[in-house]
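Participant: Handing you a structure now.
In this note's numbering, the protein residues as written are 17 to 190.
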């Protein structure tokens, strides 16, 4: 499994099928970053886990790509999306957030924080910026354009299915 950080240089991420898009199929929302989990299926469909989507949970990658991500082709270049793809084990070992990004300058919360305790590691109390940076030299994982990422995932599936060979039943000893 891999965690996916959907990001853009602005930084805003354009998504559809969010609870905030009021169910209008042409409406979208802009967010500063968005985190999803992708379970890559080599022998089965890849699925997306997105807690902030009105699509099924989990959702097939094909459906999520078509309805929530959509294409960058009709967007102005400054809205073309990038993704930081981080293997799940690397995310779990390295991600830390003290939630300081959720506070106003006077220390009050911008929105109520999650009920669970903040996530820390032995090395860091806050490294969110390393995960949302689109600089490939910073942080963990690999940075992709949206098109490059989807092409890579769908080609991997095609490549794997072409490698499948039918194995004849075992021949009994005579």
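Where is the CB? At the ideal position from N, CA and C, for every residue including glycine.
Mapping the DSSP letters down to three states, classify residue 160 as helix, strand or coil.
Facilitator: For the purposes of this step, residue 160 is taken as residue 144 along the chain shown, with counting starting at 1. The answer is strand: DSSP assigns residue 160 an E or B state.
Participant: Pull up the DSSP beta-bridge partners for residue 56, would you.
Facilitator: For the purposes of this step, residue 56 is taken as residue 40 along the chain shown, with counting starting at 1. In DSSP, residue 56 forms no bridge with anything.
Participant: If distances are taken between C-alpha atoms only, which option among 171, 116, 141, 55 comes closest to residue 75?
Facilitator: Stepping through the chain shown from its first residue, residue 75 is reached at position 59. Answer by Cα proximity: 55.
Participant: Buried or exposed for residue 153, going by 16 or more other Cβ atoms inside 10 Å?
Facilitator: By 1-based counting over the chain shown, the position of residue 153 is 137. With fewer than 16 other Cβ atoms within 10 Å, it is exposed.
Participant: Drop a sphere of 10 angstroms on the beta-carbon of residue 66, count the other beta-carbons inside from all chains shown, and report buried for 16 or more, exposed for fewer.
Facilitator: Along the chain shown, one-based indexing puts residue 66 at 50. Counting Cβ neighbours within 10 Å, residue 66 comes out buried, since at least 16 surround it.
Participant: Our contact map puts residue 162 next to residue 96 with C-beta atoms below 8 Å; I'd like the distance itself, whole angstroms only.
Facilitator: Taking the chain shown and counting its residues from 1, one reaches residue 162 at position 146. Taking the chain shown and counting its residues from 1, one reaches residue 96 at position 80. At roughly 7 Å, the Cβ-Cβ gap stays under 8 Å, so residue 162 and residue 96 are in contact.
Participant: Determine the direct distance from the alpha carbon of residue 159 to that of residue 151, and round the result to whole angstroms.
Facilitator: Translated into positions along the chain shown, residue 151 becomes position 135. Translated into positions along the chain shown, residue 159 becomes position 143. Using only the alpha carbons, I get a separation of about 8 Å.
Participant: Quick check on this structure: which residue in 105, 117, 106 has the alpha carbon closest to the alpha carbon of residue 210?
Facilitator: Only positions 17 to 190 of the chain appear in the structure, and residue 210 is not among them; the question remains open.
Participant: Hey, how far is the Cα of residue 109 from the Cα of residue 92?
Facilitator: Along the chain shown, one-based indexing puts residue 109 at 93. Along the chain shown, one-based indexing puts residue 92 at 76. Each residue's Cα considered, the two are about 36 Å apart.
Participant: Starting from residue 195, follow the alpha helix (DSSP H) in both directions and report where the run begins and ends.
Facilitator: Residue 195 is absent from the model: the chain starts at 17 and stops at 190.
Participant: In whole angstroms, what is the alpha-carbon distance linking residue 86 and residue 121?
Facilitator: In the chain shown, counting from the first residue as 1, residue 86 sits at position 70. In the chain shown, counting from the first residue as 1, residue 121 sits at position 105. Their backbone Cα atoms lie some 35 Å apart in a straight line.
Participant: Measuring only the C-alpha atoms, how far is residue 157 from residue 88?
Facilitator: Position 141 of the chain shown, counting from 1, holds the residue named residue 157. Position 72 of the chain shown, counting from 1, holds the residue named residue 88. Using only the alpha carbons, I get a separation of about 22 Å.
Participant: How about residue 147 and residue 102: do their beta carbons lie closer than 8 Å?
Facilitator: Looking up residue 147 in the chain shown gives position 131. Looking up residue 102 in the chain shown gives position 86. A contact, by the Cβ cut-off of 8 Å.
Participant: Enumerate, from N- to C-terminal direction, the unbroken beta strand (DSSP E) stretches of 3 or more residues contained entirely within the stretch 71-135.
Facilitator: List check, beta strand (DSSP E) in window: 98-103.
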